């Protein structure tokens, strides 16, 4: 019995029984400020119930973090019949995704199965001196008397004397404060809940998210008609006669946390119900000492009562955002994914709020160009499979999203997909000059509609982090890190295009050709 070491790309999903015969080229070139990830596969065939220490020796040691890659159950890989080229699983099974910090295990790894995979994440500082640095990975190997005390494998990291620019692409995955409270058993807005909110926001920015959905009221998203998500409303509201009084203490605390962790952009909760803006969102108001849902499914979106509330509410929120210094980096949502049948209602809703939001912009997920053509949305966010329809109209600030689909050919981040389907996003965003990317779930562990069992949707669609209930914390995923490295590709292509646009386009063509070959019918 012998422990073996192999280095493989962060884009390879190594399962327990996979055969790893060769190492990849063990050198990498990065810019100052860039993230680098790769994996070390510890071959453990025939070895059971052994635990061994792992460590790193390198001048970069302070910037390196190690994770044990764990498999998760993927019970519903896809809702559609897919080919083997598109998916690593076409029926229920296990796949690697969750990243457990090795320090939680005392920097030891239990040797079990045929492979133990360690994810190596290196965050090169912007101030790192240019040059070549060796990263030496060690594991204790002595299993019986006479064995070598350890095995090691080296990686060379070459740092180029050029800093990676600050991320310019707007990137959001919707943040659900209620899901955090629910899964961790924390009272909403207790100090424990606030600590978890901060930890999750820090994790979001760590994987490149620079825009956060702010629950000024509980987001009216993925909520079945006549039901309510747990109330995570940040703005306290009291009604006195015809006047509404607003308290912003919780909103200020939330924004302060975002600023602390480098969030640059903010999106306010949708102001009308999803898929048509027919109703008001669920909003708590105190009147005569009683707090209840004054607005919600029982209030029509175009009712005079709700219109008057919005006039006061949005004016007050906008003034507060200006005082916080973030109004120019704030986007307001009207309604998520409206359809043409609701165009008139959406226009009424948009016209109510637009005069009140000052320098902020409107932003909504759309599948129909009519809303943009009528000037109702400044920043349309279209499904990645329908982007060409908006590109033909030369939209000034076009964003894209994926959600539940596409399940074939296009980029996406389902667990059962090969990792290239995640990372290729950066190349596509560059090729079509897309300004932002939105996804519906950073940490939505509920079903497609609130209250449904998580298994009601295929795994991985609504989240890129995992709750770590045992440690009152959270765990990153390989998919989350693959995404930020795709966004770095976007930045690198933009840098290259300034001096050699032909070379940048040629790289995109090569990546597209390889991607198309992989997913050809």
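In this note's numbering, the protein residues as written are 52 to 572. Cβ coordinates follow ideal geometry from the N, Cα and C atoms, glycine included. Please read all numbers here as calculations on a predicted model, not as lab measurements.
- Leaving aside the five residues that flank residue 329 on each side, the residues in its chain whose CB is nearer than 6 Å to its CB run, in chain order, 352.
- Contact annotation, residue 347 with residue 333: C-beta distance approximately 4 Å; criterion of less than 8 Å satisfied.
- For residue 103, the secondary structure class from DSSP, reduced to helix, strand or coil, is strand.
- An exposed status is given to residue 131, since fewer than 16 other beta-carbon atoms sit within 10 Å of its beta-carbon.
- Taken through DSSP and simplified to helix, strand or coil, residue 204 comes out as strand.
- With contacts defined by Cβ atoms closer than 7 Å, residue 437 and residue 537 do not form a contacting pair.
- The Cβ-Cβ distance between residue 391 and residue 421 falls below 7 Å.
- In the DSSP annotation of this structure, the continuous segment of the alpha helix (DSSP H) that includes residue 394 starts and ends at 394–404.
- Counting only runs of 4+ residues, the alpha helix (DSSP H) found wholly inside the stretch 416–461 occupies 421–424, 438–442, in chain order.
- Membership of residue 326 in any alpha helix (DSSP H) is not indicated, and neither H nor E is assigned to it by DSSP.
- Taking the CA atoms as reference points, residue 174 sits about 7 Å from residue 87.
- Burial of residue 513 is indicated by the presence of at least 16 other C-beta atoms within 10 angstroms of its C-beta.
- Residues of the same chain with a CB within less than 7 Å of the CB of residue 124, apart from the 5 flanking positions on each side, are 145 in chain order.
- Residue 363 carries a helical assignment under DSSP once its states are collapsed to helix, strand and coil.
- An exposed status is given to residue 296, since fewer than 16 other beta-carbon atoms sit within 10 Å of its beta-carbon.
- Shown here for residue 280: same chain residues with a beta carbon closer than 6 Å to its own, the five before and five after excluded, namely 229, 269, 274, 501 in chain order.
- In this structure, DSSP gives residue 382 an extended state, which the three-state scheme calls strand.
- Residue 121 sits away from residue 162, with the two beta carbons spaced by 7 Å or more.
- Pairing residue 111 with residue 211 gives a Cβ-Cβ distance that is not under 7 Å.
- DSSP places residue 250 inside the alpha helix (DSSP H), whose first and last residues are 242–257.
- The DSSP assignment places complete beta strand (DSSP E) segments of no fewer than 3 residues inside the stretch 161–190 at 166–174, in order along the chain.
- One thing to note: residue 430 has its Cβ within 7 Å of the Cβ of residue 412.
- Taking a C-beta distance under 7 Å as the contact criterion, residue 406 and residue 320 do not qualify as a contact pair.
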